[in-house]
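Be aware that the sequence shown starts at 1, since it is given in the working numbering, and climbs by one per residue.
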Amino acid sequence: MFGTFAAVVEINYKFFYFSMIDKLVQLKESALREIGATKSAGELEQLEIKLLGRKSGELTLLLKGLKNLSDEEKKSAGQLANEVKGAIEKALAAKKSELMTGEWKNSLEKERVDVTQPALPVEERGHFHPNTLVQKDLEDLFTSMGFMVLDGPELESDYYNFTAVNIPPEHPARDMQDTFYIKGHSDWVLRTHTSSVQVRAMQKYGVPLRAIVPGKCYRNEATDPRHEHTFYQLEGIVIDKNISFAHMKGVMQAVADHLFGVGTELRLMPKFYPFVEPGVRGELTCFLCHGKGCRVCKNTGWLEVMPGGMIHPNVLREGGVDPKIYSGFAFGFGLTRLVMLKYGIEDVRHLESGDLRFIKQF
Ligand code: DAH
């Protein structure tokens, strides 16, 4: 009785063993088939989990049955299981590299660039702002006369903008109405003119000095067709021994000829600016009516575009220049004004508006 029982148990064991061997062989076959049929890396990844996943992979579940076997059977079934696992892993790896090269080739094909294809025609090219056009034109003229082109900060100290160029504290230019001051920084301003670079230039380069400073300036204006809070000026400064009013007049005439044509007349009328002595407002015959009087020159025949003068000794001293040895002249064109005159722009606000309908006309 016991013998029979033992035999049944024995048979059951054997059955279990053989079915385990069978299942392992089957698993290997089906796994290799499935791997072979896989078409994408994602699919392959899923399959790997299904077969070898640590928690519920098919092989893992099968191996849980090992514990029911005798030691000897465990050994041989375990060996077979390892072989199956190895075969599956190898097949997975081979398939993976096959798929990857395939996908890589596909993506390369997609990204292929035909370098022999003729370029498409460029429909729209960018171009310079009218302000930049006039600025570059004047930079060319001045560098041809030996001037440096300098730059300076737009956020400027009260000192360089006012004090250094002889503008006393009570001067109206310092008024809150005209100047943008910076909250929390009582000694900073948005520069109101490019004259703020005069003393900076003297301090940095010393004398003799010949420089222009084109750049942006700001004033707290109630804007209208002739006034804008942001505009451009072009400052000029020349310092050397024996520089006279005649040199200034010569340079201004050269600029006038260049901008408005040879034959343009220049006249100098006295005008006060704190940083020059004497100071002038330089006027040119109107380029449109040649002095007869028209809409552009408001019927005067003259355009007031060239303020300047001989640099005040106080300003030279601020720059570390001895006014007994050196003299010089300075001027400050309204670059924005010149742009408006040159292109017949009726409203200054167009220039900073960023309106493409305006910009595209140049
Ligand atoms: N800074 C003056 C202004 O903004 C323009 C000017 C006048 C500049 C005379 C100069 C000068 O250098 O000599 O109105």
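For every residue, glycine included, the Cβ atom is placed at its ideal position computed from N, Cα and C.
How about residue i: is its C-beta nearer than 8 Å to some C-beta of chain D?
i, result
"residue 114", "Of the chains in the structure shown, none is chain D; there is only one protein chain."
How should residue i be labelled, buried or exposed, when 16 other C-beta atoms within 10 angstroms of its C-beta is the threshold for buried?
i, result
"residue 252", "buried"
"residue 242", "exposed"
"residue 307", "buried"
"residue 82", "exposed"
"residue 223", "exposed"
"residue 104", "exposed"
"residue 312", "buried"
"residue 14", "exposed"
"residue 259", "buried"
"residue 48", "buried"
"residue 1", "Reliability fails at residue 1, whose pLDDT of 49 lies under 50, so the model's placement of it is uncertain and the value that follows must be treated cautiously. Exposed."
"residue 40", "exposed"
"residue 327", "buried"
"residue 282", "buried"
"residue 85", "buried"
"residue 106", "exposed"
"residue 340", "buried"
"residue 261", "exposed"
My understanding is that residue i touches residue j, with C-beta atoms under 8 Å, so please give their C-beta distance in whole angstroms.
i, j, result
"residue 277", "residue 310", "6 Å"
"residue 280", "residue 268", "4 Å"
"residue 69", "residue 16", "7 Å"
"residue 264", "residue 284", "5 Å"
"residue 365", "residue 348", "Within the shown structure, residues of the chain are numbered from 1 to 362, placing residue 365 beyond reach of any answer."
"residue 329", "residue 238", "6 Å"
"residue 152", "residue 215", "7 Å"
"residue 179", "residue 189", "5 Å"
- Take every Cβ of the region 231 to 246, pair it with every Cβ of the region 322 to 336, and state whether three or more of those distances are shorter than 8 Å. Flag = yes, the region 231 to 246 and the region 322 to 336 touch.
- Taking one C-beta from the region 184 to 197 and one from the region 142 to 157 each time, how about it: are there three or more such pairs within less than 8 Å? Judged by Cβ distances under 8 Å, the region 184 to 197 makes contact with the region 142 to 157, as three or more pairs qualify.
- If you scan the region 28 to 107 from start to end, which runs of the alpha helix (DSSP H) of 4 or more residues do you find wholly inside it? Runs found: 41 to 52, 58 to 63.
- Task: Any chance you could list the beta strand (DSSP E) runs of at least 3 consecutive residues sitting entirely within the region 202 to 228, in chain order?
- Result: Counting only runs of 3 or more residues that sit fully inside the region 202 to 228, the beta strand (DSSP E) segments are 209 to 218, in chain order.
- Task: Give, in chain order, every unbroken run of the alpha helix (DSSP H) that is at least 4 residues long and sits entirely within the region 101 to 162.
- Result: Counting only runs that start and end inside the region 101 to 162, the alpha helix (DSSP H) elements of at least 4 residues fall at 130 to 144, 158 to 161.
- Any chance the region 210 to 221 sits against the region 161 to 170, with 3 or more Cβ pairs inside 8 Å? The region 210 to 221 makes no contact with the region 161 to 170; the number of CB pairs closer than 8 Å stays below 3.
- Task: Give, in chain order, every unbroken run of the beta strand (DSSP E) that is at least 3 residues long and sits entirely within the region 229 to 306.
- Result: Runs found: 230 to 240, 266 to 270, 276 to 285.
- Query: On the three-pair Cβ rule with 8 Å, is the region 175 to 191 touching the region 290 to 297?
  - Reply: They do not touch, by the three-pair rule.
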